[in-house]
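For the record, the sequence lines run as chains A and B. The opening position of the first sequence corresponds to residue 925 in the numbering used here, with each subsequent residue numbered one higher. The opening position of the second sequence corresponds to residue 52 in the numbering used here, with each subsequent residue numbered one higher. For glycine and all other residues, C-beta sits at the position ideal for the given N, C-alpha and C. As the structure is a computational prediction, the values presented were derived from the model and not from experiment.
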Amino acid sequence: MEFDTLLSARALMGLSLVFHTFFTPLGIGLPLLLFMAEGMALWKKDERYRQLARAWTPAVGLLFAVGAVSGTVLSFELGLLWPRFMEYAGGIIGMPFSLEGFAFFTEAIFLAVYIYGWNRMSAFAHWLVTIPIVISSAVSAVFVISANAWMNVPEGFRVVDGQVVDVNPWDAMFNAAWLHQAIHGTLASYVVTGFAVAAAYAWLTWRKKPVAHPRLALQLAMVVAAVSIPLQIVAGDFAAKRVAELQPVKFAAMEGQYETQRGAPLRIGGIPVDGETRFAIEIPKMLSWLGYGDLDAEVMGLNDVPPEDRPNELLTHLSFQVMVGAGFALLFIAGWYWAAWWRRRGVAPGWMPGRALSAALVASGFLAFAALQTGWFVTEFGRQPWVVYGYLRTADGVTEREGILGFFILFTLLYIVISVALVVALVKWPHGPRRAARLPGAAGKEAEGVA
Amino acid sequence: MSPELAAAGVALVAVMMYAVFGGADFGGGAWSLLASGPRKAEQRLALEKAIGPVWETNHVWLILLVVTLFVVFPAAYAVIFEALYVPLFLALVGIVARGAAFAFRHYGNRESRLARQSLQWFSWASVLTPFTFGLVIGAVTGGHIEVEGTTVLSGAFAGWLRPFALMCGLIGLLICAFLAASFMVARTEGELREDFRRRAIAASLALGAATTAAIPVAAWDADAFASHLDDARVVGAMGVTALLGLAGLWALRTRRYRLAPPLAAATVAGVVGAWGLAQEPYLLANALTYEAAAAERITVVSFLVALPIGALILIPSLWLLYWTFSRDTLRGEEVAH
Ligand code: HDD
Ligand code: HEM
Ligand code: HEM
């Protein structure tokens, strides 16, 4: 029974988080695109950019709403599924959560002003409204991720006789894992948004659906994508170095490293089971260098960790491989797009990607989401069997209540219904000029006249 | 006043704000379900348009409440959520269904089948959620949940299926209905306004009756609550609330449309406030006081320091939001298409 509850609770928590993080990266990234589009419209005096922002607005509203609802689910589930964990951790990592609350609130308010303010304020004021949205959404991501970083590298308290004492919420918030997770985790939202929007437009034009200004939209999205992906890879390298130092067990699981070894090889691909990572391409000494900046540095292996303290190395390693693979594939696709554009620039003004590039762009949307989710899998699976690393085991944080499996099934069904409805809503979305023609050309006075 | 008490006050204010803003929002869904008469469709449309711009922010109060609980009173958060996990899970189902359905209807293509089905989901969830929250409030207050330290001893169904909790569930629903109808009175015109005025009067009478009836029910089923009824502050708060309620009724009867919404809001805040005073010093009646449930002092103080700083950003922003949309909310171009 005990095990059942634990497994159901983990599955429900994981499912809810995956659901949440399908929407929230867009809730962080799309405001940036709105900011850019409306800014371009003002700068270039080109109404087409504003029409783009106008066309995206309902989608932003929809995604934000579902994202916020799924966030509410999480804030409940922390108590419903992990009461013992929250009892332990609430007072220590509460700080980032309450600051996050403020950031969400600010975001929700300004987003409402933005969405419903189209015909009520000047174009310039409407552009200004995007700024607090961009900032508060990024800040909220940083805060919530800092709470997660604390679970990986707990700081800011001491335990004496099983009692938490000497709490320092600020030390807990700015723990050693905070910086790398905040940078890498927040940048991920821009990576995902850039490629997801590019994928949507590539798909729509490929299938010859009528869309307003696809070329401009694609350019904007690919600017975001192409700027964020190289930064994301550099941030990922930084994250890996920090993990090597702070969470050597997770590092060993990520890399499929069983033996503690000097000059450890980097393994690309491969399947780590039964004490051996098979079928991997090995690059000698590379892992020591990537992890510690020294070709002969010692890398700890899983065999030196008691079995009951080890994470599932198969899941962790494979997730890590998918994230890194996807990251480099995305880098390639972004480079391809801009190289193709560079060759046609000036020659073919209305240039749109050809078949092969379009297919790659569509794939990039999926790859970006895959990288985001598997990245979280690395973090979460790699921390097991601990919920607070080194302090509280996941099994000790879980609820003692029964019937969690039933709620897991219920929520799975609910999420399926919502996802299907969401896909239907977005697919049936009137993207085309039919809709665009009805849109007021501008925010502000003349739009008031139209309405 | 100790920082812990101040933080408990913050939590109470969050409950009040959620009851007022979230309540009006849920009530909108409930009236949408009960829409009737020749202006059925107009009623629904007006409700939806009024909720539109603010529904998101309305529910952030809930987040604020939950976050306050787990930051400042982690033990209470853990115990209450563990003890009352069944109704809270049900409330959560309602929140998810309602939020998603509203979003689909509001931002999607409104002639579609999806939009029509969403309305059904939305309306039913608008009834389910405030009712289950009412049950939770009733169970927290009733004093039938047994706890040792922070371990919950009583079963999954303890506390929330008792007469007092059911009474609170009903009050929860009526609060929503009363608020939504009173708010709509100020936002509509002509016949439609009369529809909402009649509904607001009916709801206010029902709410008055239910809160009055709750007192004997408490005496019978919830002594933890009833034992506070000789506390002068509690009785005073109840008296003020009753007066506010009567004033609201008077404003509705005499067609003072601008007065009805603030009076309705104040009445509901009063109901919550009286309940909060009667809770003191418990967060979970007879089981967990706010002193015992509090996190370390430094966390509580940091939270209280962060609060006004956050409010400095939030209050002007909220004002901007309500100001932008209070002027003429029911114009045609409102919906974000
Ligand atoms: C678009 C998404 C994306 C892409 C392309 C990458 N990552 Fe990533 N990664 C994430 C999205 C992500 C994430 C989902 O956002 C995580 C989960 C936790 C976090 O802070 O960020 C993450 C975590 C994460 C961690 C674990 C951090 C920890 O547990 O403390 C490491 C070591 C890396 N990443 C390394 C990389 C490397 C070397 C990449 C090179 C290609 C890479 N990531 C690409
Ligand atoms: C946002 C992306 C995230 C994803 C996709 C994600 C994924 C998961 C998954 C799959 C699990 C189950 C772990 C397992 O069964 O091994 C889990 C557990 C958990 N996560 Fe995360 N997580 C995310 C972020 C966070 C954040 C930001 C926090 C807290 C601030 C958090 C807190 C937890 C907790 C408390 C558990 C339960 C205990 C555990 O299994 O370790 N997660 N998450
Ligand atoms: C890395 C992980 C996470 C990221 C990047 C993230 C980001 C966001 C963002 C941007 C929003 C605003 C809504 C939207 O844009 O769609 C949001 C909403 C929310 N998130 Fe998360 N979140 C994460 C994990 C979590 C976790 C673990 C919790 C659990 C407590 C949580 C709780 C919430 C809540 C309560 C809301 C709703 C706030 C509102 O009503 O606006 N989030 N999240």
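Are there any heavy atoms of ligand 1 lying less than 6 Å away from the beta-carbon of residue i, as far as the coordinates show?
i, result
"T1336(A)", "no"
"M1247(A)", "yes"
"G1299(A)", "yes"
"G938(A)", "no"
"Q1181(A)", "no"
"L1103(A)", "no"
"A1071(A)", "no"
"F1156(A)", "It is Gln, not Phe, that sits at residue 1156(A) in the sequence shown. True, at least one ligand heavy atom lies under 6 Å from that Cβ."
"L1239(A)", "no"
"T1303(A)", "yes"
"L1285(A)", "no"
"G1251(A)", "yes"
"L295(B)", "no"
"V1115(A)", "yes"
"G1086(A)", "no"
Which residue from the options puts its Cα closest to that of residue i?
i, options, result
"Q1181(A)", "H944(A), L1238(A), V1347(A)", "L1238(A)"
"E242(B)", "L84(B), G88(B), F72(B)", "G88(B)"
"F1026(A)", "A298(B), S169(B), W112(B)", "W112(B)"
"D1233(A)", "F1098(A), V1173(A), F1067(A), A1122(A)", "V1173(A)"
"A1149(A)", "G1003(A), D970(A), V984(A), F1252(A)", "F1252(A)"
"P1134(A)", "A979(A), A989(A), T945(A), A1096(A)", "A979(A)"
"P1208(A)", "D1220(A), W1094(A), L956(A), R1202(A)", "D1220(A)"
"A1141(A)", "G1306(A), A1177(A), D1218(A), A1120(A)", "A1120(A)"
"G150(B)", "I1057(A), L987(A), M1276(A)", "L987(A)"
"A254(B)", "L363(B), V71(B), M67(B), C227(B)", "C227(B)"
"V1158(A)", "A1124(A), G1194(A), I1107(A)", "I1107(A)"
"S1046(A)", "G963(A), G1187(A), S1022(A), S940(A)", "G963(A)"
"L297(B)", "V118(B), A273(B), A311(B), P214(B)", "A311(B)"
"A1283(A)", "V1083(A), M1178(A), H1050(A), R1131(A)", "R1131(A)"
"A1145(A)", "R934(A), L941(A), L958(A)", "L958(A)"
"V1063(A)", "F1331(A), V1351(A), S1243(A), L1023(A)", "L1023(A)"
Can you say whether residue i is buried or exposed, counting buried as having 16 or more other CB atoms within 10 angstroms of its CB?
i, result
"Q1087(A)", "exposed"
"L204(B)", "exposed"
"H944(A)", "buried"
"P982(A)", "buried"
"Q171(B)", "exposed"
"S368(B)", "buried"
"G1274(A)", "exposed"
"K100(B)", "buried"
"T202(B)", "exposed"
"E1031(A)", "buried"
"T929(A)", "buried"
"G1270(A)", "exposed"
"P1196(A)", "buried"
"L294(B)", "exposed"
"A260(B)", "exposed"
"L1346(A)", "buried"
"S1243(A)", "buried"
"A1361(A)", "With a pLDDT of 32 at A1361(A), under the threshold of 50, the modelled position of that residue is not reliable, and no figure is offered here."
"P392(B)", "Missing from the structure shown is residue 392(B); chain B here goes from 52 to 388 and no further."
"A387(B)", "Here A387(B) scores only 37 on pLDDT, less than 50, and its place in the model should not be relied on; the value that follows carries that caveat. Buried, since its Cβ has 16 or more Cβ neighbours within 10 Å."
"V191(B)", "buried"
> Taking any Cβ of chain B, which residues in the stretch 1019-1034 of chain A have a Cβ under 7 Å from it, in chain order?
Replying inline: Under the 7 Å Cβ criterion, the stretch 1019-1034 of chain A contributes M1019, F1021, S1022, L1023, G1025, F1026, F1028, F1029, T1030, A1032, I1033, F1034.
> What residues from the stretch 353-368 of chain B come within 7 Å of chain A, judged by C-beta to C-beta, listed N to C?
Replying inline: Cβ contacts with chain A: S353, F354, A357, G361, I364, L365, S368.
>> For the stretch 1076-1105 of chain A, list every residue whose C-beta sits within 9 Å of some C-beta in chain B, in sequence order.
In response: Under the 9 Å Cβ criterion, the stretch 1076-1105 of chain A contributes F1081, V1088, V1089, D1090, V1091, N1092, P1093, W1094.
> Mind listing which residues of the stretch 271-291 of chain B have their C-beta closer than 9 Å to chain A's C-betas, in chain order?
Replying inline: So nothing in the stretch comes that close.
> When Cβ atoms are compared, which residues of the stretch 187-215 of chain B fall closer than 7 Å to chain A?
Replying inline: Of all residues in the stretch 187-215 of chain B, the ones placed with a Cβ closer than 7 Å to any Cβ belonging to chain A are T201, A207, in chain order.
> Given a limit of 9 Å on CB to CB distance, which residues of the stretch 120-131 of chain B reach chain A?
Replying inline: Residues L120, F121, V122, V123, F124, P125, A126, Y128, A129, V130, I131.
> Any residues in the stretch 1112-1136 of chain A with a beta carbon nearer than 8 Å to a beta carbon of chain B? Which ones, in chain order?
Replying inline: For the stretch 1112-1136 of chain A, the set of residues with a beta-carbon nearer than 8 Å to any beta-carbon of chain B is empty.
> If contact means a Cβ-Cβ distance below 9 Å, which residues of the stretch 143-157 of chain B contact chain A?
Replying inline: Listed by position, the residues of the stretch 143-157 of chain B near chain A (Cβ gap below 9 Å) are L143, V144, I146, V147, A148, R149, G150, A151, A152, F153, A154, F155, H157.
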